[in-house]
Each structure stands twice: as C-alpha cells, then as structure tokens.
Amino acid sequence: MNNKTVTFIRSTFMIILIIMTIIPIVWAFSLAFRSNAEIVSMRGINRHTFYPEHATLQNFLRLFQTVNVPRVFLLTMFVSLSVTALSLILNSLAGYAFARIPFPLRSLLFALLLATLAVPVEILIIPLYPQIHTMGLMNTLTSLIIPFCANAFGIFFMRQFFLGIPRELEEAAMIDGCTRLRTFVSIMIPLAKAVLITLALNIFLQQWDSFLVPVTLISSESKMLLQVAINYIYSGLYFQNYGVLYAGMVIATLPIIIIFLFLQRYYVAGITSTGIKG
Amino acid sequence: MTHYKRRDCIDGFAFILPAFIIIFTFVVYPSLRLFFLSFHDANLMGGLKYIGLKNYQSLVASQDFIRSFLVTLRFMAMVIVVQTLFAFIGALIVSESRRSASLVRTIYFIPVIISFVVVGYLWQGMYNHDYGLINSLLSLLGFKRIGFLSDPAYALYALTATCIWKSWPYFMMIFLAGLKEIPGELYESAMIDGAGELRRLFAITIPLLRRTTLFILLITTMDSVVKVFTPVFVMTSGGPRGSTDLLVHYAWRMAFRFGEVGYSSSIMVFVFIFLMVVSFIQLKIGERNEQ
Chain A
146 MNNKTVTFIR STFMIILIIM TIIPIVWAFS LAFRSNAEIV SMRGINRHTF
196 YPEHATLQNF LRLFQTVNVP RVFLLTMFVS LSVTALSLIL NSLAGYAFAR
246 IPFPLRSLLF ALLLATLAVP VEILIIPLYP QIHTMGLMNT LTSLIIPFCA
296 NAFGIFFMRQ FFLGIPRELE EAAMIDGCTR LRTFVSIMIP LAKAVLITLA
346 LNIFLQQWDS FLVPVTLISS ESKMLLQVAI NYIYSGLYFQ NYGVLYAGMV
396 IATLPIIIIF LFLQRYYVAG ITSTGIKG
Chain B
10 MTHYKRRDCI DGFAFILPAF IIIFTFVVYP SLRLFFLSFH DANLMGGLKY
60 IGLKNYQSLV ASQDFIRSFL VTLRFMAMVI VVQTLFAFIG ALIVSESRRS
110 ASLVRTIYFI PVIISFVVVG YLWQGMYNHD YGLINSLLSL LGFKRIGFLS
160 DPAYALYALT ATCIWKSWPY FMMIFLAGLK EIPGELYESA MIDGAGELRR
210 LFAITIPLLR RTTLFILLIT TMDSVVKVFT PVFVMTSGGP RGSTDLLVHY
260 AWRMAFRFGE VGYSSSIMVF VFIFLMVVSF IQLKIGERNE Q
C-alpha cells in the first residue's frame, strides 16, 4: 500500500465517522422545530428530511406549559453545583493528605478507597434506597447531594496531581510556621487551579446527566431534575406529541454543549491523564 | 517501624475524615449491606427476614435471570469488540497533528457529553418504524421497514449500536493519549528501514499500545455491564420479550417495581462477582502478554 491509498482510506473513515456522529443530532434537532403532524407524516428521504417544512416554535411553548422549565433548571443547577463544590473541597483535602501527609494506616485506607471503585452506584442503588428511607432523606434533594460529594475517583485524581508538586514549595511555608491547612489553602490550591477545573467539569456534567439516582429516590414532580423531566415528558405523551419531547431535549443539551466547547481542553485532560497513569 | 509526627497524624486524619465519612456511609456500608440483604427476604421500607441462600437458589432457577445474564454477555461482547475497534480507528484518524484533526476530534466527542436520556430518545426517534430516519433510508433503498426496538430479533443490536455511538469517542481519547506516548523516533527509524504504514501499525503502534488497550478493556467491561441502566430504561424498558433486559435493569425492576429487594441484591452480588472474575482474567492475560 502506498501513501496515497493510506490517506484515501483514512479520509474515507474520517468522513464516515463524522456523518455517523452529526446526522442523528441534526435530524433530531430539526424535529424540535416541526409540528407533531409533520413529524408523524415524515416517511421517505427528501429535501425536508433535515429542515422543517414549516418551522415552528410551538413545541417550545407547549414544553413550558407541560413542565415548569425554570424550576427544573434551577433545581438541577442547585444540585449539580452543590455536589461539585463539596466534591472539590472534600476530594482535594483527602487527595492532599494521601499525597503528602505521612500518617498511620495511610496505604491501607488508600487501598480501601480504591476498592470502592469496584462498586458503582448502579449496584449500590438497591441497598441505598432502604438506607435513605431509614435516614429520613427520602424524596429530598439532600439525598441527591450528600452521598455524592466525595468519591474515590476524585481523591485519586487530586492525589496524582499533588504527588507531582515539588515538596520544597510547602516545606518553606511550613518552616515559616504555617499550619497544614494554611499551606494547603494558600500554596497548593492556587497551583491546582487547572486540575480543579477539570475535576469540577467532570463532576458537574456527571450530575447534570444523572438519571438513575433521581428517578429512584425522588417521587414528587415538584422536585424533578432535568433528565427525569425529559422522561416525564415522554411518559406523559398520551397523545404522542414528539415535538415537545425533542424541544425538551434541545433545551437540556444546548447549555452543556456550549460549556463543553469553551472548556473542552480541561474536560479531555481529565480522561487522558487518568487513562495513562491508571 | 516508621515514626509518625503527632501533628502529621492529627492533620492526616482530619484531612481525610470528611470524605471518609461520606464514603463509609454511602459506599462501604451499603456495599456490605447489599451482601447482607442478599440473604434476606427484604422490602423497600426496610423489612427483613433471614432466608439463607433462598435468593440465590431462585436466581439459578429463574428463567428471567438466565436470559438476562445471557443478554448481558452478548451485549458485553459486542460492545467490547466493536466499540474498542471504533475507538482505535478513530484515534488513528485524528492522531495527526493537523489543524483539521482537532476540529474532527471535537465533533466526534459531542455524543459523549450528551446525556444518556437524550441519546436514548434521540435514537428511539432514529429507529422509529414510521418517521425514523433509518427506516426512511431503508424504504428509499427498497427494503422493508424494521421495528428496531419492537422486534426481539433486532432490539439488542439497536440498543448496542446506540450505546457504542455514545461512548466510543471517550475511549478514542484514551487511545489518543496512548499514541502520544509512543516516541516519534521509532516511526522515523522504521521509515528509514523502509517499513510501510501498515507494517509500522502492526510492528510499533499496536504492540506499544498494549497497556492502554488493557486499561480500555477493563473500563469497557465494567461500563458495558453496569453503566447501561439509563439507555435500557429509556429505550426499551427491557423489552420486547426481555430481549434487552440487561442485569442491572432487571435487578432495578425487581427491586423498585416488585419490591423484591433481597432477590435483586443477590443479582447485584452476582454482577459484582462476575465483574471481579472477568477483570481478574483480563489482568492475568495482560500480565502474561507483558512478558
């Protein structure tokens, strides 16, 4: 095979993968701007396959009548930001201790921590439900925040970062009489800005997309989070109004795509750094 | 014996304490509890009765469980092979440091950040028997329309395709990071020796990506068994006729639709042990290849 053939094969695959990725998204996006009558009458492929015949915003109006969109957004924002903020604090504190402070049982506790990676929330949800019930947290936003504000991945991630920082920096501060906490806050945290953004972005998006936990633990419609609300629109489709569903999907997805486009460098850094060292 | 400074001991425990309280209460304790519940007849409100191994006996005897396990195995096998292949090919395509490559990378990555709920409904639309894009295309080409999500012969494949569509670019990024670690001189000297593109791929790239590949396989195995509740729930609810009822969805259904907490705990214990065994085998094989 000469180089030309290789380049040709490469470009062909590249274009096929782009089409596979983009087409479903563009097509679904267009459904949000079509009347239900238009959607259900779509059959073949024609010039209106990707662009509505009669573009309309009625789906978005209907969406706002079906679901309290501002409240769903505020609640989702509140839960996601709370989990993110608390996680950053708890995970970086613990990550720093595991990287830098020599204390008894450190490696044992760290091994135990890593072992918890083997039990994801999909498995834990079964015992969590009765536990949350016993704790009196059923159907509260607290049950969506507190259990998720520290995790092994975040601690491991922060530890890896702190391990790479030269000791001299903090030793100088400690000799000057700073406490550990003071050193941590005024020296380590400023150095960790980029990794903290990476971790924050990962946790925030994970919370924004979270479905299993809120759909299991929250029963009242007034505390519905975003992803559950989309499912709610779908299950409430007694007259099969697909347009409203797609409008909801567009509204739920646009903000995170915009966040991603601006901060993708940080987000991707999270995947690649753990992948190699892991 | 290592001697610890008093201040370090206090600081160390104080720093990890908040995180460990959370992790003990909401991960370690429920993990032990899961094991405990699997030996009980339990309901969602906390009611308990010890029944020994009965849950496990009904598990082995249950047609639904066996089917669900087989569906999980098929799903897992398809995802591991196809998704990893896509991720690898994708990484090779965008690994060139041209400007366009970074744009292509961004485009590929979009499905990863879209939530699984949205992806699920998006593909439910794509698969729709009447207005769905895929059936429109099929009928244009003169084929019969297919009920992708309503026909037991197709539903699992349709679900698998959706999950791969969403996740492959994530693993592409990991392969990409692995590719960057390979020293460029290796390729240069291979080119001087007259090795063609294919030969370089098999003699340098693939062998040197062994560790990355092992890591990807471990994560993919875990994800394909566990991170599948949402797409199943959204797209098929396990149907038609149980053809997409993956284990985590089956267990969730038993617990939260039928209140069989003890029984579904035993399913999850099984899932956990199964994952441990598969990961262990993968690690062993990976280690042997290393030598």
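First to last, the sequence lines map onto chains A and B. Everything in the first sequence is counted per the numbering used here, starting at 146 for the first residue and increasing by one. Everything in the second sequence is counted per the numbering used here, starting at 10 for the first residue and increasing by one. Beta carbons are placed, not taken as given, at the ideal position from N, Cα and C, and that holds for glycine.
Asked                                                                                                                   : Found
Endpoints, the beta strand (DSSP E) within which B/K14 is located                                                       : Note, B/K14: premise wrong, no beta strand (DSSP E); not H, not E.
Any C-beta of chain A under 7 Å from that of B/F238                                                                     : yes
Interface partners of A/D354 on chain B, CB under 7 Å                                                                   : S124, F125
Distance, A/V360 Cα to B/Q72 Cα                                                                                         : 28 Å
Partner residues on chain B for A/Q372, Cβ-Cβ distance less than 7 Å                                                    : S124, V126
Beta-carbon separation (whole angstroms), A/E183 vs A/P197, contact threshold 8 Å                                       : 7 Å
Pair within 7 Å by beta-carbon distance, A/F306 and A/Y241                                                              : no
Length of the line joining the Cα atoms of A/N204 and A/R179                                                            : 8 Å
Rounded C-alpha distance that separates B/V287 from A/L253                                                              : 25 Å
Residues of its chain near B/A260, where Cβ-Cβ distance is below 6 Å and the 5 sequence neighbours each way are ignored : S273, I276, M277
Euclidean distance between Cα positions of A/L425 and A/F349                                                            : Only positions 146 to 423 of chain A appear in this structure, which leaves residue 425 of chain A out of reach.
Residues that A/V413 contacts on chain B, provided the C-beta gap is smaller than 7 Å                                   : M182
Unbroken alpha helix (DSSP H) run spanning A/L257, endpoints                                                            : 251-260
Bridge-paired residues (DSSP) for A/L206                                                                                : For A/L206, which the question treats as bridged, DSSP gives no partner whatsoever.
Pair within 7 Å by beta-carbon distance, A/L352 and A/V228                                                              : Reading the sequence as shown, one finds Gln at residue 352 of chain A and not Leu. A contact, by the Cβ cut-off of 7 Å.
For B/H49, the three-state DSSP class (helix, strand or coil)                                                           : strand
Runs of alpha helix (DSSP H) wholly within the region 245-286 of chain B (minimum 4 residues, chain order)              : 256-265
Those residues which DSSP pairs with B/Y59 across a bridge                                                              : B/H49
Any C-beta of chain A under 7 Å from that of B/V257                                                                     : yes
From A/D321, A/N296, A/I332, A/G299, residue whose alpha carbon lies closest to that of A/I310                          : A/I332
CB contact below 7 Å: B/P39 versus chain A                                                                              : yes
Per-residue contacts from B/R108 into chain A (C-beta, under 9 Å)                                                       : None at all; the shortest Cβ gap to chain A is about 14 Å.
Contact set between A/C323 and chain B, taken where Cβ atoms lie within less than 7 Å                                   : Result: empty, since nearest Cβ-Cβ is about 12 Å, beyond 7 Å.
Chain-ordered neighbours of A/T194 on chain B, where CB pairs are closer than 9 Å                                       : L142, S145
Beta carbon proximity, A/L357 to chain B, threshold 7 Å                                                                 : yes
B/D160 - DSSP class collapsed to helix/strand/coil                                                                      : coil
Any chain B beta carbon closer than 7 Å to A/I332                                                                       : no
From A/V214, A/F405, A/M159, residue whose alpha carbon lies closest to that of A/Y377                                  : A/V214
A/I164 beta carbon near the ligand FMN (any heavy atom closer than 6 Å)                                                 : No copy of the ligand FMN occurs in the structure displayed, which carries no ligand at all.
Span separating the alpha-carbon of B/I173 from that of A/M165                                                          : 12 Å
B/V287 at chain A interface by Cβ criterion, 7 Å                                                                        : no
B/I75 versus B/L284, B/I290, B/S198, B/L255, residue with shortest Cα-Cα distance                                       : B/L255
Any 3 or more C-beta pairs closer than 8 Å across the region 227-235 of chain B and the region 86-95 of chain B         : yes
Span of the alpha helix (DSSP H) around B/G99                                                                           : 93-103
Buried/exposed call for A/Q385, threshold 16 Cβ in 10 Å                                                                 : exposed
With 16 other Cβ atoms within 10 Å as the buried cut-off, status of B/A70                                               : exposed
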